[in-house]
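**Student:** Could you have a look at this structure, given as structure tokens, before my questions?
As structure tokens, then:
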């Protein structure tokens, strides 16, 4: 009964948030709309971070790598070959997935904080490549003047900030919905089971490395698609969009939102990125101070929101004891939830 | 080329020497992070900020005399150590062992502290004045070389040796090593883990602060100093095998050579070597390292 109420409540809040997001461009000015569109792209990367950190148990600081791959693939495609949005999202997702697949051998056997370090290295490597491969990426100057996108063959190009925002919203909502559906399938359940007790899952004949690799590639595809949304929202990209601070802010946003919940991660990442952009405008020069203080305060205010990810490498000989963490709770809908 | 023997390596002598200076600097900065990671099991993302405190202190206090260098060293070490103790205090109420919480907290402190440093010292990279006696250059094997760097190599080597002796020979060092191996046993012996953590973070801050002051002419204070030093230190700590002083020193020297000699020899590949080495080492040793990490 109580669970029913909570579920309905979550659904209601999610619906309200969605309605708010749809009407937002008619309420706020163009600049805020453009900022919102970029925040949506970053929040989608946050979802991929949550998929790895919370659901698969592999905390990552490197989702900016497939994000960057998708963004640059989309930018090059958009300025040279096709301005059709569907094609761009598909190619960007493919590029992100390909990059993630390349790094699978690095991360598949590692767990916990070691994944954090490996992905950090991968992210830094990708930023270095972006800064030096001038003929394709434009070096540290980045790529500008990317033509406006048309969502589908025959449709007009998206010329206004509102149109671009709505396009970003539709793509992001579709992908988040797909992730939520995916997590309800057997594969999603097995992924969480592998996070909670890998030894037992292996013993019962499941191939955990395959599951982990699949999650890694899927997260890469989502981050890549988010990269194409960034290109649409910003119409300009440079290596500065994909630096260490971006991945750190995303991971922390996801941690604040509750790593195992997609909705929470979405809200957490969006809040952190929005706070950064908003503070940057309101308090020029002091934004990091307030943001840092907010992080510190969050640690004390939300003690239970941050214990979901298992960051210590799992002991192989000791059965994990988590009697207080029923996996059922993670069947959350799209509802944003801030665990308190 | 006709040149043979010593002449062939000649052009690379200065970068190699630079690499030693750079490597020793990174070692002194990273050894604090080794303590944080290995002993206190803290993922300290504010470590770069501790270095930046030392760097800004040096820029503000150094005026070209020896007295100012001594003063800057004392102030920088004390300030960074105090920041380390503050960090330990902030970390105490938070459940220990959860790296994500620690990352959240220490990254918040790093953001806030970095912002305060920029507010206090200005957004431009300040100029650092080394003591006048060391401002010139000396001739090393037929090449001119900055005198300060040569002296720095000696001083950093002395600090490293002292660090090694303290960790190996003193009771405090033994407790620290014991806490790496078996924290529960150390707690059973009546040594409070909280005090060890505070002491370790203070020592980490002092080392980072000393590195920041002395290394200011090499990796100078600026808005991205904290990030640079944090990333370099993380790479060194990981490559050095977490908790081993000798391994950390070797890794730091290798990083120094990659950053200087590597750039001279392989200008196109050198930027990738750093993180490629880190990713490769981690991936190859993922399983062995995982068990190691658990026991430390």
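Residue numbers (the numbering used here), protein chains in the order written: chain E, 265 to 604; chain X, 44 to 339. Yeah, the Cβ is synthetic: ideal placement off N, Cα and C, and Gly gets one too.
(1) CB residue 105 of chain X to CB residue 259 of chain X, shorter than 9 Å?
(2) For a contact meaning CB atoms closer than 7 Å, what does residue 100 of chain X contact in chain E?
(3) For residue 365 of chain E, go through chain X and note every residue whose CB falls closer than 8 Å to its CB, in chain order.
(4) What does a CB cutoff of less than 8 Å around residue 436 of chain E pick up in its chain, not counting 5 residues either side in sequence?
(5) Spell out whether any CB of chain E is found under 9 Å from the CB atom of residue 90 of chain X.
(6) Taking the C-alpha atoms as reference points, what is the distance between residue 122 of chain X and residue 93 of chain X?
(7) Run down chain E in chain order and give the residues with a C-beta less than 8 Å from the C-beta of residue 224 of chain X.
(8) Taking one C-beta from the region 259-277 of chain X and one from the region 62-82 of chain X each time, how about it: are there three or more such pairs within less than 8 Å?
(9) With DSSP run on the structure shown, which of helix, strand or coil describes residue 407 of chain E?
(10) Give, in chain order, every residue of the region 384-412 of chain E whose Cβ lies closer than 9 Å to some Cβ of chain X.
(11) I'd like to know if residue 559 of chain E contacts chain X, where contact means its C-beta is closer than 9 Å to some C-beta of that chain.
(12) Taking the beta carbon of residue 480 of chain E as the centre, do at least 16 other beta carbons fall within 10 Å, making it buried, or is it exposed?
(13) Taking three-plus beta-carbon pairs below 8 Å as touching, is the region 145-156 of chain X in contact with the region 549-566 of chain E?
(14) Which residues, in chain order, does the region 154-175 of chain X contribute to contact with chain E at a C-beta distance below 8 Å?
(15) When we look at the beta-carbon of residue 268 of chain E and count the other beta-carbons within 10 Å, is it buried (16 or more) or exposed?
(16) So, is the C-beta of residue 276 of chain E closer than 9 Å to a C-beta in chain X?
(17) If we ignore side chains and look at the alpha-carbon of each, how far apart do residue 314 of chain E and residue 302 of chain X end up?
(18) Taking all protein chains shown into account, do 16 or more other C-beta atoms lie within 10 angstroms of the C-beta of residue 441 of chain E, making it buried, or fewer, making it exposed?
(19) Tell me whether the beta-carbon of residue 119 of chain X lies closer than 9 Å to the beta-carbon of residue 149 of chain X.
(20) Between residue 326 of chain X and chain E, is any beta-carbon pair separated by less than 9 Å?
(21) Could you check whether the Cβ of residue 537 of chain E sits closer than 9 Å to any Cβ belonging to chain X?
(22) Which term fits residue 232 of chain X, buried or exposed, when burial requires 16 or more other beta carbons within 10 angstroms of its beta carbon?
(23) Should the region 521-530 of chain E be called in touch with the region 357-375 of chain E, which here means at least 3 C-beta pairs below 8 Å?
(24) Cα-Cα, which of X/227, X/77, X/110, X/147 is closest to residue 172 of chain X?
(25) Under 9 Å, Cβ to Cβ, is there at least one residue of chain X near residue 461 of chain E?
(26) Which residue from E/539, E/408, E/352, E/449 puts its Cα closest to that of residue 334 of chain E?
(27) Considering only the beta carbon of each residue, do residue 247 of chain X and residue 76 of chain X sit closer than 9 Å?
(28) Are the region 356-364 of chain E and the region 455-468 of chain E in contact at 8 Å, needing three or more beta carbon pairs?
(29) For residue 189 of chain X, does the count of other Cβ atoms within 10 angstroms reach 16, so buried, or fall short, so exposed?
(30) Could you pull out every unbroken alpha helix (DSSP H) segment of at least 4 residues lying fully inside the region 416-490 of chain E, listed in chain order?
(31) Closest Cβ-Cβ distance between residue 59 of chain X and chain E: below 9 Å?
(32) Which of helix, strand or coil does DSSP assign to residue 186 of chain X?
(33) If we define contact as Cβ-Cβ less than 9 Å, is residue 291 of chain X a contact residue for chain E?
(34) How many Å lie between residue 323 of chain X and residue 284 of chain X at the Cα?
(35) In angstroms with no decimal places, state the Cα-to-Cα distance between residue 557 of chain E and residue 280 of chain E.
(36) What whole-angstrom Cβ distance do residue 103 of chain X and residue 164 of chain X have, given they're in contact under 8 Å?
**Tutor:** In short:
(1) Counting from one through the second chain, the residue named residue 105 of chain X turns up at place 62. Counting from one through the second chain, the residue named residue 259 of chain X turns up at place 216. Cβ distance < 9 Å, so residue 105 of chain X and residue 259 of chain X count as in contact.
(2) Against the second chain, residue 100 of chain X aligns to sequence position 57. The contacting residues do not exist; residue 100 of chain X stays about 20 Å from chain E at best.
(3) On the first chain, position 101 is the one that residue 365 of chain E refers to. Correct list: empty, because the minimum Cβ distance to chain X is about 15 Å.
(4) The sequence position of residue 436 of chain E within the first chain is 172, counting from 1. Taken in chain order, the residues that qualify are 304, 305, 307, 308, 490, 493.
(5) What you label residue 90 of chain X is simply residue 47 of the second chain in a count that begins at 1. No, no contact with chain E.
(6) As a first step, residue 122 of chain X must be located in the second chain, where it is residue number 79. As a first step, residue 93 of chain X must be located in the second chain, where it is residue number 50. Cα-Cα distance, rounded: 9 Å.
(7) Along the second chain, read from residue 1 onward, the residue named residue 224 of chain X stands at position 181. Chain E residues near residue 224 of chain X: none, gap ~17 Å exceeds 8 Å.
(8) yes
(9) Against the first chain, residue 407 of chain E aligns to sequence position 143. It is a strand residue.
(10) 384, 385, 386, 387, 388, 389, 392, 393, 395, 396
(11) Here residue 559 of chain E is taken as the residue at index 295 of the first chain, counted from 1. By this cut-off, residue 559 of chain E is an interface position.
(12) Counting from one through the first chain, the residue named residue 480 of chain E turns up at place 216. Residue 480 of chain E is buried by the Cβ-count criterion.
(13) yes
(14) 154, 155, 156, 157, 158, 159, 161, 162, 166
(15) Within the first chain, residue 268 of chain E is the residue found at index 4, counting from 1. Answer is exposed; the Cβ neighbour count stays below 16.
(16) Translated into the one-based positions of the first chain, residue 276 of chain E becomes position 12. For residue 276 of chain E, the answer is no, since every Cβ of chain X falls outside 9 Å of its Cβ.
(17) The residue given as residue 314 of chain E occupies position 50 in the first chain. The residue given as residue 302 of chain X occupies position 259 in the second chain. Those two C-alpha atoms are separated by around 34 Å.
(18) As a first step, residue 441 of chain E is located in the first chain; it is residue number 177 there, counting from the start. The residue is exposed, with fewer than 16 neighbouring Cβ atoms inside 10 Å.
(19) Numbered from its first residue, the second chain carries residue 119 of chain X at position 76. Numbered from its first residue, the second chain carries residue 149 of chain X at position 106. Not closer than 9 Å, so no.
(20) Your numbering for residue 326 of chain X matches position 283 in the second chain. So yes, residue 326 of chain X belongs to the interface.
(21) Residue numbering aside, residue 537 of chain E sits at position 273 when the first chain is read from its first letter. Cβ-Cβ to chain X under 9 Å: no for residue 537 of chain E.
(22) Position 189 of the second chain, counting from 1, holds the residue named residue 232 of chain X. Exposed, since its Cβ has fewer than 16 Cβ neighbours within 10 Å.
(23) no
(24) If you number the second chain from 1, residue 172 of chain X lands on position 129. Measuring from the Cα of residue 172 of chain X, the nearest candidate turns out to be X/110.
(25) For the purposes of this step, residue 461 of chain E is identified with residue 197 of the first chain, where counting begins at 1. Residue 461 of chain E does not count as touching chain X.
(26) Start at 1 with the first residue of the first chain, and residue 334 of chain E comes out as number 70. Nearest C-alpha to residue 334 of chain E: E/352.
(27) If you number the second chain from 1, residue 247 of chain X lands on position 204. If you number the second chain from 1, residue 76 of chain X lands on position 33. Yes. Within cutoff.
(28) no
(29) Here residue 189 of chain X refers to the residue found at position 146 of the second chain. It counts as buried.
(30) 425-448, 450-460, 462-467
(31) Here residue 59 of chain X refers to the residue found at position 16 of the second chain. Closer than 9 Å: no.
(32) Within the second chain, numbered from 1, the residue matching residue 186 of chain X stands at position 143. Strand.
(33) Translated into the one-based positions of the second chain, residue 291 of chain X becomes position 248. No, no contact with chain E.
(34) For the purposes of this step, residue 323 of chain X is identified with residue 280 of the second chain, where counting begins at 1. For the purposes of this step, residue 284 of chain X is identified with residue 241 of the second chain, where counting begins at 1. When rounded, the distance between both Cα atoms is 13 Å.
(35) Counted from its first residue, the first chain places residue 557 of chain E at position 293. Counted from its first residue, the first chain places residue 280 of chain E at position 16. Roughly 30 Å between the two C-alpha positions.
(36) Position 60 of the second chain, counted from the start, is the residue given in the question as residue 103 of chain X. Position 121 of the second chain, counted from the start, is the residue given in the question as residue 164 of chain X. So it is a contact: roughly 7 Å between Cβ atoms.
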